[in-house]
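Taking the UniProt record's numbering, the leading residue of the sequence shown gets 1, the next gets one more, and so forth. The structure appears below as structure tokens.
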Amino acid sequence: MRLLIPKQHGAWAMLIVPFWLGVMASTFYFGHLFLFIGWLFLYLASYAALMLAKGRQANLYKKWTTIYLSLAGLFIFIPVWQQPKLIGFGLLLLPFFAVSAYYSAKNCDRALTNDISAIFIFSSSGAASYFYGANQLDKIGLFLFFICFLFFLGSALYVKTMIREKGNRTYRNVSWGYHGVIVCAWLLFGEWLVCLAFLPSLFRAYAFYGRKLSILQVGIYEIANSALFFTIVTLALSTVL
Numbered sequence: 001m002r003l004l005i006p007k008q009h010g011a012w013a014m015l016i017v018p019f020w021l022g023v024m025a026s027t028f029y030f031g032h033l034f035l036f037i038g039w040l041f042l043y044l045a046s047y048a049a050l051m052l053a054k055g056r057q058a059n060l061y062k063k064w065t066t067i068y069l070s071l072a073g074l075f076i077f078i079p080v081w082q083q084p085k086l087i088g089f090g091l092l093l094l095p096f097f098a099v100s101a102y103y104s105a106k107n108c109d110r111a112l113t114n115d116i117s118a119i120f121i122f123s124s125s126g127a128a129s130y131f132y133g134a135n136q137l138d139k140i141g142l143f144l145f146f147i148c149f150l151f152f153l154g155s156a157l158y159v160k161t162m163i164r165e166k167g168n169r170t171y172r173n174v175s176w177g178y179h180g181v182i183v184c185a186w187l188l189f190g191e192w193l194v195c196l197a198f199l200p201s202l203f204r205a206y207a208f209y210g211r212k213l214s215i216l217q218v219g220i221y222e223i224a225n226s227a228l229f230f231t232i233v234t235l236a237l238s239t240v241l
């Protein structure tokens, strides 16, 4: 049986980075592994469900939605039993999943609004994993959500300028302006390590624009950029925790 696996490079980075930043900022428990595996299967289930919303190959996508949801429930059960308030995170994300389902049904998956909705969902995993480890959602957990959201929003804007909106000057200017403002803002707030975490994004937004990179190359560079972001933010966290 061939597994149904998404081929979206950026989504895998968004799946991993926020969650494990939340772990790094709190206390690691063995249950985090169950929570992450459950989160992985929830992502796979949502992908299958969104493909189902398109109305194609219904039997195939129903099967995989059921399989992945069952596995997600199996792994998430223990962390949720230990920390029932995690259910609140899931309920909070339902409206955003509904947005994604709407755009998927309209075959407009690449709409910026849909990207923003997905980024909110993925960034929330950092707050959830932090809450599980810290037994509270304080300013550190919210800060992690915020910087992950800003980082991946910048990534979405940049990728559009390299693929679907290549040559679109409006998107180019928005992307360049966004990355520049973010870096300057962190400098003004005195968060130089966080500023450093966003610098590679600023560099690639300017330096790579107009280059003939394949979708695979763009994806690989974004994974590398996400790894840099994770490393620098982890270092920043070590200075305040």
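No residue lacks a Cβ here, since even glycine has one placed at the ideal position from N, Cα and C.
#### Entry: Contact under 9 Å by Cβ, residue 31 with residue 131
no
### Query
CB residue 143 to CB residue 120, shorter than 9 Å?
no
### Task
Give every residue of the same chain whose Cβ lies closer than 8 Å to the Cβ of residue 213, excluding the five residues on either side of it in the sequence, and list them in chain order.
162 and 221
### Message
Once the 5 residues before and after residue 62 are set aside, which same chain residues still bring their CB inside 7 Å of it?
### Response
52
### Contacting residues, own chain, Cβ-Cβ under 6 Å from residue 219 (five flanking each side not counted)
9
### Query
What is the DSSP secondary structure of residue 5, counted as helix, strand or coil?
coil
### Task
Mark residue 115 as exposed unless 16 or more other C-beta atoms lie within 10 angstroms of its C-beta, in which case mark it buried.
buried
### Query
Since residue 163 is in the alpha helix (DSSP H), which residue starts that stretch and which ends it?
Segment: none, residue 163 is in no alpha helix (DSSP H) and carries neither H nor E.
### Task
Using only alpha-carbon positions, find the residue among 183, 198 and 202 that is nearest to residue 172.
202
### Query
Would the stretch 39 to 51 and the stretch 60 to 75 be scored as touching if the rule is three or more Cβ pairs under 8 Å?
yes
### Task
State the DSSP-derived secondary structure class of residue 191, mapped to helix, strand or coil.
coil
### Query
Is residue 50 helix, strand or coil when you go by DSSP?
helix
### Task
Please work out which residues of its chain come closer than 8 Å, Cβ to Cβ, to residue 134, disregarding the five sequence neighbours upstream and downstream, and give them in chain order.
25, 26, 27, 140 and 141
### Task
Along the alpha helix (DSSP H) that carries residue 95, what are the first and last residues, could you check?
86 to 105
### Message
Considering just the uninterrupted stretch of the alpha helix (DSSP H) at residue 225, what are its terminal residues?
### Response
215 to 238
### Task
Excluding the 5 residues preceding and the 5 following residue 183 in the sequence, name in chain order all residues of the same chain whose CB lies nearer than 7 Å to its CB.
195, 198, 199 and 202
### Query
Taking the C-alpha atoms as reference points, what is the distance between residue 97 and residue 191?
33 Å
### Message
Alpha carbons only, please: which of 86, 117 and 211 is nearest the one belonging to residue 129?
### Response
86
### Query
Helix or strand or just coil, what does DSSP make of residue 135?
coil
#### Entry: Residue of 229, 216, 185 and 180 minimising C-alpha distance to residue 205
180
### CA-to-CA distance, residue 6 to residue 56, given in whole angstroms
16 Å
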